[in-house]
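Presented below is the structure to which this report refers.
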Amino acid sequence: MSKKKKTEKDKEQTIIMSGNYASAWGAKCSRVQVISAYPITPQTTVVEKLSEFVDHKELDANYIRVESEHSVMASLVGSSMTGARSFSATSGQGLLYMAEMVHWVSSSRLPVVTTIASRGIAPPWNIWAEYTDILSIRDCGWIIQFAATHQEIFDSVLMSYKIAENEGVMLPYFIVYGGFSQSHTSKPVRIPRQSDIDRFLPPPPEKGWSHLNLDPDNPITHGNLLMPTQEYLDFRFLIHDSMMKSKKTIHKTIKEFKKAFGRNYNGLVEQYKCKDADIVMIAYGALAEQSKLAVDELRAKGKKVGLFKLRYIRPFPDKELLDLFDSGVKVIGIADQATAFGNPTGGPVSTEVMSLLGQAKRKIKVLPIIWGLGGRDVTVEEQINIFKQLIRIKNKNEYPTDDSFQHGTVWLGLKTGA
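The sequence shown finishes on residue 1066 if you use this note's numbering, and the numbering steps up by one all the way, no holes.
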């Protein structure tokens, strides 16, 4: 190929694409070396697009078709143990099916990256956006990030490998976004020049990971039985310790990404008009992005409201939340698009935030909310009404009294008598 054609090919471009294609493009531009694939709605088009890239020789990677999601992750254990940059995607029931191997990856400290087009859990069957799948295994030792936009999906794949493969981290990484609401809708995504991406994300070390590398000429034992008096507990602590310390690497990588490509993802959270807010909504995913419209409308009417968008749930952004608690906020709404049956709030994230609030002994009123389950539509007007409920709590200490308020939590859109 001539130098001119190389230059023409290596150029920045903006392409209108689905969220799933943004995931596939992120893997392609990260020059992944092994892809293991099994289709499941609404993730399927991620691995289909990657198969096209490989088939058309646009990506030099080994593409492995397997018979189940369990085998997807099992094969990536093997590929990553050889030092190969490894990738897959899944969703819902598929994530639950691969759960055993998900733990094997993190306990082996392998920097595998997997994107999740989150969906509801059966029965009854549901294939629309909900985050119960990922949040039900949030303590599996993987870094877990929510991507709220198509551009963030693509950019996050690039950043995830730089974070996961860092010698001080060496943990696998989930990037999570909503099924259909993001996976199948299309928006413009800016793709940088490949040469710029390669400068930002260098290839993995040729000799494999320093802590674990399968080499026929240098055989090792891995994963053998440990007695209670041996180092099993110590290995678990090291996973936790690395997860907590990964915050520094995440912040550093976000700064490097901003310098390289001009887009800033702030950190573990994004605070939108929280500086002087006395009412704040804590949320995650695309519905959190939509909440900015509700904040803008209420701000125009003089209401001091703000949005605290979680970008990560693991590692947990405790420092950022403690800073929020100390900022003068009076009432917090915590919106979950997931369930945690039988816990005090019905939602997993709200319980974690309220636990931290209790430990910090801050006198802030809280309203847990569960919304958007199974892809149920949540309008901006409904989000505005939630903010108005928070305002009533602040001004009059009046909590909701309608049938949607159950066990101390608002179940938005709950059908009476269901």
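We treat Cβ as the ideally placed atom computed from N, Cα and C, and that holds for glycine.
Opening and closing residue of the alpha helix (DSSP H) in which residue i lies
i, result
"S754", "747-755"
"W673", "667-677"
"I769", "Element bounds for I769: n/a, residue is neither H nor E."
"A722", "717-729"
"K903", "880-909"
"V817", "Taken as a continuous stretch (DSSP letters only), V817 belongs to no alpha helix (DSSP H), as it is neither H nor E."
"T692", "692-703"
6 Å CB neighbourhood of residue i in its chain, flanking five on each side removed
i, result
"Q691", "A737, T738, S739, A765"
"V702", "A709, Y711"
"L667", "Note that residue 667 is Gly in the sequence shown, not Leu. The residues are H798, I801, Y825, Q830, S831."
"M789", "In the sequence on display, residue 789 carries Gly and not Met. Same-chain partners within the cutoff: S754, I887."
"I664", "S834, P836"
"V760", "L724, S728, S734, V753, P820"
"Q1054", "none"
"E660", "P840, R841"
"Y880", "L874"
"N912", "K906"
"K653", "Here the model assigns K653 a pLDDT of 47, short of 50, so the residue's position is not dependable and the matter cannot be decided."
"T763", "S671, A737, I823"
"N1033", "none"
"H751", "C788"
Residues bridged to residue i [DSSP beta-bridge criterion]
i, result
"N914", "Paired residues: none, contrary to the question."
"I683", "Y711, F735"
"F794", "V824"
"Q799", "Answer is none; Q799 lacks a bridge partner."
"I839", "Q661"
"T1027", "DSSP lists no partner for T1027."
"K1013", "V979"
"G954", "V928"
"F1053", "V1058"
"D974", "None, per the DSSP bridge assignment."
"Q919", "F956"
"R962", "I792"
"S834", "S666"
"D984", "I1018"
Cutoff 8 Å; reference residue i; Cβ partners in own chain excluding five residues on either side
i, result
"L958", "F794, L916, V917, I930, A931, Y932, A936, P965, V997"
"I811", "I791, V817, Y821, S894, T897, I898, T901"
"S719", "S684, Y686"
"K855", "G731, N861"
"T858", "For the sequence presented, residue 858 should be read as Ser rather than Thr. So the qualifying residues of the chain are E815."
"E633", "In the structure displayed, the chain extends from 649 to 1066; residue 633 sits before or after that span and is not available."
"E904", "K810, F848"
"S1056", "It should be pointed out that residue 1056 corresponds to Gly in this sequence rather than to Ser. Only P992, T993, P1016 meet the Cβ criterion."
Residue i versus the options, residue with shortest Cα-Cα distance
i, options, result
"Q842", "D865, A908, R884", "A908"
"P867", "E715, M729, G1056, G1022", "M729"
"L1062", "R1024, E945, E1046", "R1024"
"D658", "E706, K697, M891", "E706"
"G981", "A934, I927, W773", "I927"
"V1014", "S755, S716, P1048", "P1048"
"V943", "Y960, K923, I961", "K923"
"V837", "W673, N872, F885, R947", "W673"
"P963", "E715, A722, M892", "M892"
"E968", "K676, E696, V1001", "V1001"
"I775", "G1022, F1035, R1040", "G1022"
"F885", "R757, A722, I1039", "R757"
"A777", "V1028, V750, T689", "T689"
"K1042", "K978, A986, F989", "K978"
"Q938", "N872, S678, E1029", "E1029"
"V1026", "R1040, S808, K1011, W1059", "W1059"
"S606", "G726, A722, Y669, A983", "With the chain covering only 649 through 1066, there is no way to say anything about residue 606."
"V682", "L1038, M721, T693, Q878", "M721"
"Y960", "A796, Q1031, S890", "A796"
Residue range of the beta strand (DSSP E) that includes residue i
i, result
"T763", "761-766"
"A1008", "No beta strand (DSSP E) holds A1008; the alpha helix (DSSP H) holding it covers 996-1008."
"S784", "That residue, S784, is in no beta strand (DSSP E); it is neither H nor E in DSSP."
"Y932", "927-932"
"T1057", "1057-1059"
"L1021", "Unbroken run through L1021: none, as it is neither H nor E."
Same chain only: Cβ atoms within 7 Å of residue i, ignoring 5 sequence neighbours per side
i, result
"Y779", "S766, V824, G933, Q985, A986"
"S650", "Confidence at S650 is low in this model, with a pLDDT of 46, below 50, so its placement is unreliable and the value that follows should be read with caution. The answer is none, since no qualifying residue turns up."
"A925", "K952, V953, G954, V977"
"A988", "G994, G995, P996, T999"
"I845", "C677, L806"
"L941", "V1028"
"R1040", "E1046"
Query raised in the report: Within the chosen definition, does the stretch 995-1008 reach the stretch 917-928 through at least 3 CB pairs nearer than 8 Å?
Result: no
Query raised in the report: Counting Cβ pairs, one atom from each stretch, are 3 or more of them under 8 Å apart for the stretch 1010-1018 and the stretch 983-994?
Result: yes
Query raised in the report: Is there contact between the stretch 742-750 and the stretch 778-790, where contact requires at least three CB pairs shorter than 8 Å?
Result: yes
Report task. Indicate whether the contact test is met: 3 or more Cβ pairs, each with one atom in the stretch 864-883 and one in the stretch 972-989, closer than 8 Å. Result -> no
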